[in-house]
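Residue numbers (my numbering): 2 to 165.
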């Protein structure tokens, strides 16, 4: 059996955006036949063992997905090194990871940068359930593009500049 490639989504607390991205990607990748990718999530300031936020759970449920077993974890050097691709929610997350592990620059992108878009995925933390659902839907649309790019083999040669 061929070794799976690893994709890690990173946000701040690993209770909202990156866990939503994880369950959405698993669903989208399964439907797209991307069985060769293992998907995980972590946070730059995560407290180990925290569950997904209530509004994130609701947003996932609304989209037919389950975040109830999610447990937050911080991004570690080992997780980062084992990943083939790290997609972060904001430029600040990317800058943090590049500063912490500069040797990993070739595999760290904002999720929007990876699909040729500008900007960040805003943090819904502390906002309404509607904001969380909007964030989940934004991630869902972005992940459809990520899946198409990975299916086309573009994961090895992205047009996004690592230092942009």
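Built from N, CA and C at the ideal position, the CB exists for glycine as well. Predicted model, so just to flag it, every value in this text is computed and none were measured.
- Beta-bridge pairing of residue 42 - partner residues as DSSP gives them: According to DSSP, residue pairing for residue 42 in a beta bridge involves 10.
- Query: Can you tell me the Cα-Cα spacing of residue 155 and residue 6, whole angstroms?
  - Reply: With a pLDDT of 46 at residue 155, under the threshold of 50, the modelled position of that residue is not reliable, and the figure given next carries that caveat. So the alpha carbons of these two residues sit roughly 13 Å apart.
- If you run the structure through DSSP and keep just helix, strand and coil, what is residue 25? Of the three classes helix, strand and coil, the one that applies to residue 25 here is helix, per DSSP.
- Item | Counted within 10 angstroms of its Cβ, other Cβ atoms place residue 157 as buried (16 or more) or exposed | Because the pLDDT of residue 157 is 48, which lies under 50, any placement of that residue in the model is unreliable, and the question is left without a value.
- Query: If you compare alpha carbons, which of 58, 31 and 51 is closest to residue 130?
  - Reply: Comparing Cα-Cα distances from residue 130 to each of 58, 31 and 51, the minimum goes to 58.
- Query: Is it buried or exposed for residue 41, if we count other Cβ within 10 angstroms and need 16 for buried?
  - Reply: The residue in question, residue 41, is buried, as its Cβ has 16 or more Cβ neighbours within 10 Å.
- CA nearest to the CA of residue 70, picked from 76, 55, 78 and 84: Distances from the alpha-carbon of residue 70 to those of 76, 55, 78 and 84 put 55 closest.
- Would you give the residue range spanned by the alpha helix (DSSP H) that residue 98 belongs to? Residues 92-101.
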